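Numbering-wise (our numbering), the sequence shown opens with residue 10 and increments by one.
For each residue, glycine too, the CB sits at the ideal point set by N, CA and C.
Nothing here was measured: the structure is a model prediction, and the numbers come from that model.
What follows is a short report on a single structure.
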Amino acid sequence: MNMILRLKISMAAIVLIFTLLPSSAQEADSLVVPDGYILADSVVVIQAARVDTTLAGQDIFSVMPSRDKGDASDVKVHQSQLIRNSLAAHISSNPSRITEGYRVRIFFDNRQSARTESEKTEKKFIEAHPDIPAYRSYANPYFKVTVGDFRNRSEAMQLLRSIVQEFPTAFVVKENINYPAVDRFHPTVTDTIQVLRPIQGQEVSL
């Protein structure tokens with residue numbers, strides 16, 4: 010599973026950082042920590058899965074319970090081969106399709122300071138709402154910051170109402186979106202990683 014972690018590290022506090030995700034305790038014990046460094050636990054926020062990977066690329070006919078596969082029940086679907094072929098074609102073409110939906114735009118400007126201001130706005134939003142994805146983009150001559158991935162306008166409006174005090178110029182826009190999280194009530198998970206940090210008082214040479 011690919012995960013993108015947003016980590017902002019002070020240069021005075023840390024120069025090198027890496028994520029250690031050992032698959033076993035034996036592997037964790039075998040890790041070598043360079044002289045002058047320590048491993049410190051750090052909590053990160055990770056976006057929850059946007060699709061059920063156990064069902065990716067499968068059709069309804071292949072996931073039905075079957076005693077031949079060792080299931081307790083047996084479900085048989087009597088359907089024409091034409092429909093099965095159409096469903097298979099739909100699944101194979103689905104990854105290239107664009108999903109339309111709604112987001113909330115919290116920044117839209119083309120002034121000389123727009124680049125810097127858009128970065129500040131994105132950072133402010135992520136710090137306050139780590140569970141909601143944020144997207145910064147540039148379409149000449151405008152810098153934009155847009156947040157959220159919603160299938161319908163009413164869900165986007167709920168977010169707008171909750172952040173309008175922080176971002177009074179925000180508004181809902183219709184555009185291509187990423188797949189929303191499978192569980193919209195738990196859109197993120199927290200995890201503990203280990204980061205490599207220089208021991209306090211030690212000089213780090215690169």
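Could you tell me which residues DSSP puts in a beta bridge with Lys133? Residue pairing for Lys133: DSSP places it in no beta bridge.
Give the DSSP bridge partners of Phe180, in chain order. Looking at the DSSP assignment, Phe180 forms a beta bridge with Arg114.
Going by DSSP, name the residue or residues bridged to Arg206. In DSSP, Arg206 forms a bridge with Ile47.
Tell me the DSSP secondary structure of Ala148 in three-state form. The three-state reading of DSSP puts Ala148 in strand, counting E and B together.
Are Leu96 and Ile69 touching if we call contact CB-CB under 9 Å? The Cβ-Cβ distance between Leu96 and Ile69 falls below 9 Å.
For the alpha helix (DSSP H) that Glu164 lies in, which residues bound it at each end? Taken as a continuous stretch (DSSP letters only), the alpha helix (DSSP H) holding Glu164 covers 162-172.
Please say whether Arg112 and Ser159 have beta carbons closer to each other than 9 Å? The sequence given here has Phe at residue 159, not Ser. Yes, the Cβ-Cβ distance between Phe159 and Arg112 is below 9 Å.
Per DSSP, cross-strand counterpart(s) of Asn187: Looking at the DSSP output, Asn187 sits in no beta bridge, so it has no partner there.
Does the region 82-91 touch the region 118-136, meaning 3 or more C-beta pairs lie closer than 8 Å? By the Cβ criterion, the region 118-136 is not in contact with the region 82-91, since fewer than three pairs of Cβ atoms, one from each stretch, lie closer than 8 Å.
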